[in-house]
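To start, the structure under review is shown below, and the notes come after it.
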Amino acid sequence: MDLLAHSAAGNLAVLYAAGYPHRLRRLVLVTPGLQAAGVDLTDDEWHAALQRMSGEPWYEDAHQAMMAWDAGDDTPEIRTRAAPFFYGRWNDTIAAHAGTEHRAPAAAEGFHADGAFEPEKTRANLAQVTAPVLVIAGALDAAPTPARAAELAELFPNGHLTVDRDAAHYPWVTGPRTFVETVDDFLR
Numbered sequence: 004m005d006l007l008a009h010s011a012a013g014n015l016a017v018l019y020a021a022g023y024p025h026r027l028r029r030l031v032l033v034t035p036g037l038q039a040a041g042v043d044l045t046d047d048e049w050h051a052a053l054q055r056m057s058g059e060p061w062y063e064d065a066h067q068a069m070m071a072w073d074a075g076d077d078t079p080e081i082r083t084r085a086a087p088f089f090y091g092r093w094n095d096t097i098a099a100h101a102g103t104e105h106r107a108p109a110a111a112e113g114f115h116a117d118g119a120f121e122p123e124k125t126r127a128n129l130a131q132v133t134a135p136v137l138v139i140a141g142a143l144d145a146a147p148t149p150a151r152a153a154e155l156a157e158l159f160p161n162g163h164l165t166v167d168r169d170a171a172h173y174p175w176v177t178g179p180r181t182f183v184e185t186v187d188d189f190l191r
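Quick note on numbering: the sequence shown equals residues 4 to 191 in our numbering.
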């Protein structure tokens, strides 16, 4: 089968690929989570990625909110104020999409808990994935950065990376035509 996953679901798709490599025809990981494969994004890399958007008019407020969120304030108001970082730009269409996101903090806490993943085992099993794998990164994304997305792609024998230079974490929202063409070409 073809499997496509985004963000945290990318971890689940990586686990599926590691456990059932023979069941995949193609795998597409869109701005994927990195924890399952043990790819680490440093705090310095994350802060530098956020800083790249410092020229945006929304930056100061969004940065303040992102720092509050990182410190544990996971309220809807803080997430809404930090949302521009996930898109790289901001307009009414993007704001409408951002308003559809809902989180379950308890589920997120469990999903990312210590011991939830076995990266060494997963990495070893990814060597058995013969299906083509496409990792899509946004050049403006702070997690995963394009460098860490490339590291993930390299774990697959037939892994490929594409970086959308105008996207952050939601490339199908900020550049739908480019996203659809990229995925369509790969799945063909």
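Note that beta-carbon positions come from the ideal geometry of N, C-alpha and C, so glycine has one too.
In the DSSP assignment, what residue or residues form a beta bridge with residue i?
{"i": "VAL132", "result": "Partner(s): none; VAL132 has no beta bridge."}
{"i": "GLY141", "result": "ASP167"}
{"i": "ASP77", "result": "Note: ASP77 sits in no beta bridge, so no partner."}
{"i": "VAL17", "result": "Note: VAL17 sits in no beta bridge, so no partner."}
{"i": "LEU32", "result": "ALA8 and VAL138"}
For residue i, report the span of its alpha helix (DSSP H) as first-last.
{"i": "VAL186", "result": "179-190"}
{"i": "HIS66", "result": "62-73"}
{"i": "TYR150", "result": "Looking at the sequence itself, residue 150 is Ala, so the reference to Tyr does not match. Element bounds for ALA150: 149-157."}
{"i": "THR96", "result": "95-101"}
{"i": "ALA52", "result": "46-54"}
By Cβ distance, which residues of its chain are closer than 6 Å to residue i, with the 5 residues on each side in sequence left out?
{"i": "ASP144", "result": "THR34, ALA171 and HIS172"}
{"i": "GLU48", "result": "THR148"}
{"i": "ASP169", "result": "GLY178"}
{"i": "LEU137", "result": "VAL31, HIS163 and PHE189"}
{"i": "VAL166", "result": "ALA140, ALA142 and PRO149"}
Along the chain, where does the beta strand (DSSP E) containing residue i start, and where does it finish?
{"i": "VAL42", "result": "Run containing VAL42: none; DSSP gives neither H nor E here."}
{"i": "HIS163", "result": "162-167"}
{"i": "LEU7", "result": "5-9"}
Between which residues of its own chain and residue i is the CB-CB distance below 8 Å, once the five residues before and five after are set aside?
{"i": "THR125", "result": "VAL17, LEU18, ALA21, ALA39, ALA40 and GLY41"}
{"i": "THR96", "result": "VAL176"}
{"i": "GLU123", "result": "GLY41"}
{"i": "ASP187", "result": "none"}
For residue i, which residues of its own chain have a beta-carbon under 7 Å away from its beta-carbon, when the five flanking residues on both sides are left out?
{"i": "ALA146", "result": "LEU44 and TRP49"}
{"i": "ALA85", "result": "ALA65, ALA68, MET69 and TRP72"}
{"i": "HIS115", "result": "GLN38"}
{"i": "ARG26", "result": "MET4"}
Should the region 47-66 be regarded as contacting the region 172-182, the criterion being three or more beta carbon pairs within less than 8 Å? no
Within 8 Å, do at least three Cβ pairs link the region 9-23 to the region 33-49? yes
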